[in-house]
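Numbering (full-length UniProt numbering), first residue to last: 1 to 103.
Glycine included, every Cβ here is placed at the ideal spot set by N, Cα and C.
Everything below concerns the one structure shown next.
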Amino acid sequence: MGRKFIIANARVENCAVIYCNDGFCELCGYTRAEVMQKPCTCDFLHGPRTQRSAAAQIAQALLGSEERKVEICFYRKDDVPGEGSGHSALSEWGALAGVPWLS
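Written as structure tokens, this is what we have:
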């Protein structure tokens, strides 16, 4: 199916990631151990072109129970500004933010 996803615990303070599949790890360049217990808002994937308003919309969606689709620019672990294009944002992240948030 090719889905890339994380599962988070909505009952803890930062909605910590409790599972991420191999596809997510391949997409973002982090190992499962590096992703576990990080906030499910994926702040660790923010970069220079990540808009604060989009990040705020994702955080706000976690507080509600309605599905929300947000276009956001996230970066791989190995994306270092100034090397190569410097802005090789992941194009597949729109789908990540478009999943329903469950409480």
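- Task: Specify whether the segment 19 to 34 and the segment 51 to 67 touch according to this definition: at least 3 beta carbon pairs, one from each stretch, less than 8 Å apart.
- Result: no
Check your understanding: When DSSP labels each residue in this structure, what does Cys-20 get in the three-state scheme?
Key -> In the sequence shown, residue 20 corresponds to position 20, counting from 1. Strand, per DSSP.
Within 10 Å of its beta-carbon, does Lys-38 have 16 or more other beta-carbons around it, so buried, or fewer, so exposed? Within the sequence shown, numbered from 1, the residue matching residue 38 stands at position 38. With 16 or more other Cβ atoms within 10 Å, it is buried.
Which residue marks the beginning of the beta strand (DSSP E) containing Ala-8, and which one marks its end?
Counting from one through the sequence shown, the residue named residue 8 turns up at place 8. First-last of the beta strand (DSSP E) with Ala-8: 6 to 8.
Check: So, Gly-47 versus Tyr-30, is the Cβ gap smaller than 8 Å?
Finding: Position 47 of the sequence shown, counted from the start, is the residue given in the question as residue 47. Position 30 of the sequence shown, counted from the start, is the residue given in the question as residue 30. No, the Cβ-Cβ distance between Gly-47 and Tyr-30 is not below 8 Å.
_CB-CB length for Thr-41 against Leu-62, believed under 8 Å_ = Locating residue 41 in the sequence shown gives position 41, where the first residue counts as 1. Locating residue 62 in the sequence shown gives position 62, where the first residue counts as 1. Right, their Cβ atoms sit about 7 Å apart.
Practice problem: Excluding the 5 residues preceding and the 5 following Asn-14 in the sequence, name in chain order all residues of the same chain whose CB lies nearer than 6 Å to its CB. | Solution: Here the question's residue 14 lines up with position 14 in the sequence shown. Contacts found: Pro-39.
Q) Apart from the five residues just before and just after Glu-83, which ones in its own chain have a Cβ nearer than 7 Å to its Cβ? A) In the sequence shown, residue 83 corresponds to position 83, counting from 1. Below a pLDDT of 50, predicted positions are generally treated as unreliable, and Glu-83, at 30, falls in that range; the measurement from the model is reported next regardless. None.
**Asked** Looking only at its own chain, which residues have a Cβ that is under 7 Å from the Cβ of Ala-59, when we skip the five neighbours before and after it?
**Response** Position 59 of the sequence shown, counted from the first residue, corresponds to residue 59. Hits under 7 Å: Thr-41.
Given a cut-off of 8 Å, decide if Lys-69 and Cys-28 are closer than it, judged by their beta-carbon atoms. One-based indexing of the sequence shown puts residue 28 at position 28. One-based indexing of the sequence shown puts residue 69 at position 69. Not a contact, by the Cβ cut-off of 8 Å.
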